[in-house]
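Line order of the protein sequences matches chains F and U.
Note that the numbering used here has the first sequence beginning at 2, numbered continuously upward.
Note that the numbering used here has the second sequence beginning at 658, numbered continuously upward.
Quick reminder that beta carbons are idealized off the backbone N, C-alpha and C, glycines included.
To start, the structure itself, in structure tokens.
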Amino acid sequence: MRDVPQIKAAYDWMIESYQNEVRTAAALNDQLAINRLDASRDNLERGIFVLLFGQFEVELNDRFKARRDNRSSNPDWTVRRGWDAPQMMVGNVGRVPFDTRLALMIDRLTADYKKIKGTYELRNHCAHGGTSQPVGSIDLFVNDLYLWQTLLRRT
Amino acid sequence: MANTDPIEDFDDDELEIDKSYVQRRVDDWIKRLEELRALIAAWAGQNGWKTSDLTVAMDEELMQNHNIPAKQVPGLTLTGPKNELVSLKPKGLWVIGANGRVDLYSPKGAYLLVDIADHFQPAKWVLYRPGDRKEGQPFAPALLATMV
Numbered sequence: 002m003r004d005v006p007q008i009k010a011a012y013d014w015m016i017e018s019y020q021n022e023v024r025t026a027a028a029l030n031d032q033l034a035i036n037r038l039d040a041s042r043d044n045l046e047r048g049i050f051v052l053l054f055g056q057f058e059v060e061l062n063d064r065f066k067a068r069r070d071n072r073s074s075n076p077d078w079t080v081r082r083g084w085d086a087p088q089m090m091v092g093n094v095g096r097v098p099f100d101t102r103l104a105l106m107i108d109r110l111t112a113d114y115k116k117i118k119g120t121y122e123l124r125n126h127c128a129h130g131g132t133s134q135p136v137g138s139i140d141l142f143v144n145d146l147y148l149w150q151t152l153l154r155r156t
Numbered sequence: 658m659a660n661t662d663p664i665e666d667f668d669d670d671e672l673e674i675d676k677s678y679v680q681r682r683v684d685d686w687i688k689r690l691e692e693l694r695a696l697i698a699a700w701a702g703q704n705g706w707k708t709s710d711l712t713v714a715m716d717e718e719l720m721q722n723h724n725i726p727a728k729q730v731p732g733l734t735l736t737g738p739k740n741e742l743v744s745l746k747p748k749g750l751w752v753i754g755a756n757g758r759v760d761l762y763s764p765k766g767a768y769l770l771v772d773i774a775d776h777f778q779p780a781k782w783v784l785y786r787p788g789d790r791k792e793g794q795p796f797a798p799a800l801l802a803t804m805v
């Protein structure tokens, strides 16, 4: 989550340009101009969404790796169990499926788990050119990321 | 096996995302928009603002995928006591991270309302101004007066 403030600051800086232009267009009731501006904003926000989610994924990976290394080296098998399975003991933890990493850090029966997993799927869909969905709110999404970070820190 | 669709974000894994479900979501969205419009129109009438209805086309990807015809959904134009204009246009139901978004355009720029409630629950609208670096505010129509 190290770069979230910088990414958010870059977004805020760019969106202020959008705000300046949309104020002018709104004053003139120029709907065509507003539509053009919004199309650009939608693309920008989808890109920022992908970048921001990447920050959460880095945090998840780091905490998962630390937990895995700790558990898998425990001589007590009841603690080590599952964490030292061959598919978990990879150098690059990104090769462990996202669902698995997430489910070992956040209870998969919770609404938070489902929301994060769903957002991950949207992130993939977005990153591969598959979605035309706009982002609800980048500000709201950043709040969600910090909430999810808190969940990771609690485990 | 359930027909999951990445566009339908984080519902239950066993949820069947079929045409009937998508139609229910669309109907619920229109209902929430109508309630929002009525709430704002009531405030406007009590505070010297004029309103005129507007409609926006809704033809989102999930509707197209399930052969649901495009709809016209309710928005609103408000004119303040000094002829200030604020327009509310539904942006979309399937937006990333919320259960629908409405965009507002005013002399102070663009704002947005996102519904943070769960699907099929009463709406919880939160107001943001992108770029303001502030927390969102639970929406009350009186906030419209701060946009002009």
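For a test of the three-state rule: what should DSSP assign to residue i, helix, strand or coil?
i	result
U:G766	strand
F:Q165	Limits of chain F in this structure are 2 at one end and 156 at the other, which puts residue 165 of chain F out of reach.
F:T91	Looking at the sequence shown, residue 91 of chain F is not Thr but Val. Here F:V91 sits in coil by DSSP.
F:V80	helix
U:D668	In this predicted model, U:D668 has a pLDDT of only 47, less than 50, meaning its place in the structure is not dependable enough to derive any value.
U:M658	Caution is warranted here: a pLDDT of 39 is assigned to U:M658, below 50, making its placement in the model unreliable, and no coordinate value can be reported.
F:Q32	helix
F:D13	helix
U:D772	strand
U:P798	helix
F:L105	coil
F:L110	coil
U:V679	helix
U:V805	coil
F:V136	strand
U:V783	strand
U:D789	coil
F:S74	coil
F:R47	helix
U:F777	coil
F:E122	helix
F:R154	helix
F:R3	coil
F:I8	helix
Name, please, each residue of chain F whose Cβ falls closer than 7 Å to the Cβ of residue i.
i	result
U:K728	Correct list: empty, because the minimum Cβ distance to chain F is about 17 Å.
U:Y762	V23, A27 and I35
U:K748	P135
U:Q767	Residue identity differs from the one stated: residue 767 of chain U is Ala in this sequence, not Gln. Under the 7 Å cutoff, chain F gives Q20 and V23.
Straight-line CA distance for residue i to residue j?
i	j	result
F:L53	U:Q703	42 Å
F:I139	U:L690	22 Å
F:M2	U:A714	38 Å
F:L123	U:V679	17 Å
F:S18	U:K791	18 Å
U:F796	U:R694	13 Å
F:G95	F:N62	7 Å
U:A659	F:R47	Reliability of the predicted coordinates at U:A659 is poor, the pLDDT of 40 falling under 50, and no value is obtained from them.
U:N724	U:L750	17 Å
U:S763	U:I697	15 Å
U:D710	U:P798	16 Å
F:T101	F:W84	11 Å
F:Y147	F:V91	28 Å
F:A112	F:W14	33 Å
F:P98	F:W149	18 Å
F:D145	F:I117	9 Å
U:G757	U:T734	19 Å
F:A10	F:R82	43 Å
I want to verify the contact list: residues of chain F whose CB lies under 8 Å from the CB of residue i, in sequence order.
i	result
U:W751	Q134
U:E692	Ordered by position in chain F, no residue passes the 8 Å Cβ test against U:E692, which lies about 19 Å from the chain.
U:E718	T132, S133 and Q134
Counting only Cβ pairs nearer than 7 Å, list the residues of chain U close to residue i.
i	result
F:G137	V752, I753, G754, A755, R758 and V771
F:L103	Simply none; closest approach about 12 Å.
Identify the contact partners of residue i in chain U, using a Cβ-Cβ distance below 8 Å as the criterion.
i	result
F:F142	I753 and G754
F:I16	P787 and G788
F:N30	L742
Out of the options, point me to the one whose CA is closest to residue i's CA.
i	options	result
F:N71	F:P98, F:M89 and F:Q7	F:M89
U:Q778	U:L742, U:E692, U:E673 and U:D789	U:E692
F:T151	F:Y121, F:W78, F:K118 and F:F57	F:F57
F:I129	F:V51, F:M106, F:L103 and F:Y147	Note on residue identity: the sequence assigns His, not Ile, to residue 129 of chain F. Ranking the options by Cα distance to F:H129, first place goes to F:V51.
F:N44	F:R154, F:D77 and F:V136	F:V136
U:R786	F:I16, F:S73 and F:Q7	F:I16
U:G766	F:N21, F:Q7, F:N30 and F:C127	F:N21
U:P731	U:N740, U:N722 and U:K688	U:K688
F:L157	U:K746, U:A802 and U:L784	Here chain F comprises residues numbered 2 to 156, so residue 157 of chain F is not present and cannot be evaluated.
U:D789	U:G705, U:I773, U:Y768 and U:A780	U:Y768
F:Y12	F:A40, F:T120 and F:V143	F:V143
U:L800	U:A774, U:V743, U:I753 and U:N756	U:V743
U:E633	U:V771, U:V805 and U:G793	Nothing about residue 633 of chain U can be reported from this structure: the residues present for chain U run from 658 to 805 only.
U:K739	U:E673, U:Q794, U:G705 and U:K781	U:G705
Would you check whether the ligand COA has a heavy atom nearer than 7 Å to the C-beta of residue i?
i	result
F:K115	As presented, the structure is devoid of all ligands, the ligand COA included, so that no description of it is given.
Along chain F, which residues have their Cβ under 9 Å away from the Cβ of residue i?
i	result
U:G793	S138, D140, L141 and N144
Name, please, each residue of chain U whose Cβ falls closer than 9 Å to the Cβ of residue i.
i	result
F:F50	I753 and G754
F:D13	P787, G788, D789 and R790
**Request:** Enumerate, from N- to C-terminal direction, the unbroken alpha helix (DSSP H) stretches of 4 or more residues contained entirely within the region 682 to 766 of chain U.
**Result:** With a minimum length of 4 residues, the continuous alpha helix (DSSP H) runs that stay inside the region 682 to 766 of chain U are 718 to 722.
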